[in-house]
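To keep things clear, I will list the structure first and then write my remarks on it.
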Amino acid sequence: MVEPQARAVTVEQRLVRRYGESIRPWLADLPRVLERLAASWDLSLGEAFADGNSAVTLRASRDGVPLVLKVSPDPVILAKQVTLMRLQGTRAPEILETAEGAVLMERVDGESRWPDPDRFAALLRDLHAVPDPARHARADLATGVPGFFPRFTPLGPVTAEHLRRARALADDLIATQGAPVLLHGDLHRDNLLDAGPRGVVVLDPQGTLGEPEFDAVDYVLGKSDVAVRLADLISVTSLSPERLERWCRSMAPLIAIGQLRLGRPIAHLQHYLDEL
705 MVEPQARAVT VEQRLVRRYG ESIRPWLADL PRVLERLAAS WDLSLGEAFA
755 DGNSAVTLRA SRDGVPLVLK VSPDPVILAK QVTLMRLQGT RAPEILETAE
805 GAVLMERVDG ESRWPDPDRF AALLRDLHAV PDPARHARAD LATGVPGFFP
855 RFTPLGPVTA EHLRRARALA DDLIATQGAP VLLHGDLHRD NLLDAGPRGV
905 VVLDPQGTLG EPEFDAVDYV LGKSDVAVRL ADLISVTSLS PERLERWCRS
955 MAPLIAIGQL RLGRPIAHLQ HYLDEL
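Numbering follows my numbering, with no gaps: position 156 of the sequence shown is 860.
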């Protein structure tokens with residue numbers, strides 16, 4: 705799910721909001737770190753990307769080849785993300801260089817958009833086919849989802865009662881879920897790049913252990929034609945229609961709040977809010 709955030713915030717504002725005031729010494733040292741990495745990896749650095757809540761990601765190039773440099777104040781989490789991306793093969797950017805708290809990746813030639821159902825279904829099958837998922841997971845739905853709800857407060861038509869009932873439904877889904885797979889865990893549109901013949905490439909994997917329906921929620925609720933998107937995706941996957949629809953109902957208030965914070969309409973989510 706895309707967390708609610710303000711418009712046009714700076715890198716400093718994003719990271720202070722994410723980590724608190726304790727991040728300021730890391731930010732003060734960031735220019736020196738970037739200068740050292742650029743020299744070590746022979747890079748020309750460009751502007752930072754606007755998105756991302758827990759790291760700084762910049763445009764870079766080497767010998768004229770466009771690349772992406774990501775640096776994080778949490779080297780443990782970044783190292784785990786690198787491991788996850790390597791597990792995902794061509795479904796993730798290629799890792800070119802690593803250092804503590806930093807990774808240099810290919811810049812994927814793709815467009816950030818929702819793919820058609822067949823391409824998204826193929827992506828899910830590949831992502832969820834990683835063997836021994838429990839060994840690679842950073843977290844699981846049982847701990848991740850309950851911890852996510854407190855980050856959202858009532859807004860607009862989304863009430864505290866919506867959030868309470870959605871949390872109760874999520875708890876029930878977690879308690880009754882089937883065989884787990886290694887989920888991306890945050891598969892919203894901004895973490896997808898449709899790269900043409902290569903297929904859909906994912907960014908920033910969370911590596912969450914849980915049932916596969918969870919990874920399809922943002923896709924179903926991502927545009928106004930929710931019922932069509934749900935039916936189309938079900939027709940080309942082995943996902944449980946009942947489980948996926950219940951996950952959509954549970955996550956709809958969180959997604960609605962995120963959309964409201966960005967000034968976007970939520971009429972297509974009203975059906976799920978009403979059901980709660």
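Here a beta-carbon is modelled for each residue, glycine too, at the ideal position from N, C-alpha and C.
Remember, it's a predicted structure, so these values are computed and weren't measured experimentally.
Using only the alpha-carbon positions, how far apart do residue i and residue j sit?
i: residue 817; j: residue 955; result: 20 Å
i: residue 809; j: residue 901; result: 20 Å
i: residue 854; j: residue 868; result: 10 Å
i: residue 918; j: residue 968; result: 23 Å
i: residue 742; j: residue 933; result: 44 Å
i: residue 826; j: residue 875; result: 28 Å
i: residue 963; j: residue 970; result: 7 Å
i: residue 944; j: residue 725; result: 44 Å
i: residue 706; j: residue 856; result: Note that residue 706 scores 46 on pLDDT, short of 50, meaning its location in the model is unreliable; the coordinates nonetheless yield the value given after this. Each residue's Cα considered, the two are about 11 Å apart.
i: residue 973; j: residue 843; result: 28 Å
i: residue 731; j: residue 752; result: 14 Å
i: residue 710; j: residue 908; result: Any reading at residue 710 needs caution, since the residue's pLDDT is 39, under 50, leaving its predicted position unreliable; the model's value is listed next. Distance between the alpha carbons of residue 710 and residue 908 is about 20 Å.
i: residue 927; j: residue 824; result: 14 Å
i: residue 975; j: residue 781; result: 37 Å
i: residue 846; j: residue 720; result: 27 Å
i: residue 936; j: residue 861; result: 29 Å
i: residue 881; j: residue 922; result: 18 Å
i: residue 805; j: residue 977; result: 40 Å
i: residue 850; j: residue 727; result: 26 Å
i: residue 883; j: residue 736; result: 46 Å
i: residue 715; j: residue 729; result: 14 Å
i: residue 822; j: residue 768; result: 35 Å
i: residue 879; j: residue 738; result: 45 Å
Would residue i and residue j qualify as a contact pair, given that the criterion is a beta-carbon distance under 7 Å?
i: residue 761; j: residue 786; result: no
i: residue 959; j: residue 913; result: no
i: residue 890; j: residue 815; result: no
i: residue 877; j: residue 950; result: yes
i: residue 831; j: residue 866; result: no
i: residue 894; j: residue 755; result: yes
i: residue 749; j: residue 870; result: no
i: residue 1023; j: residue 841; result: Here the chain has residues from 705 to 980 only, and residue 1023 is not among them.
i: residue 747; j: residue 766; result: yes
i: residue 834; j: residue 896; result: no
For residue i and residue j, which I take to be in contact (beta-carbon distance under 8 Å), what is that distance rounded to the nearest angstrom?
i: residue 906; j: residue 837; result: 16 Å between Cβ atoms; not a contact.
i: residue 783; j: residue 789; result: Going by Cβ atoms, the distance from residue 783 to residue 789 rounds to 11 Å, so no, they are not a contact pair.
i: residue 759; j: residue 775; result: 6 Å
i: residue 819; j: residue 904; result: 5 Å
i: residue 953; j: residue 915; result: So it is not a contact: roughly 15 Å between Cβ atoms.
i: residue 859; j: residue 941; result: Wrong, their Cβ atoms sit about 32 Å apart, outside the cutoff.
i: residue 771; j: residue 811; result: 5 Å
i: residue 777; j: residue 723; result: 6 Å
Which of the three DSSP states is assigned to residue i in this structure?
i: residue 770; result: strand
i: residue 968; result: coil
i: residue 798; result: coil
i: residue 940; result: coil
i: residue 846; result: helix
i: residue 839; result: helix
i: residue 711; result: Residue confidence is low: residue 711 scores 44 on pLDDT, short of 50, so the model does not pin down where it sits. No coordinate-derived value is stated.
i: residue 903; result: coil
i: residue 738; result: helix
i: residue 979; result: helix
i: residue 914; result: strand
i: residue 804; result: coil
i: residue 748; result: strand
i: residue 834; result: coil
i: residue 891; result: coil
i: residue 780; result: helix
i: residue 909; result: coil
i: residue 758; result: coil
According to DSSP, which residues form a beta bridge with residue i?
i: residue 763; result: 772
i: residue 898; result: 815 and 904
i: residue 810; result: 771
i: residue 885; result: 914
i: residue 862; result: 859
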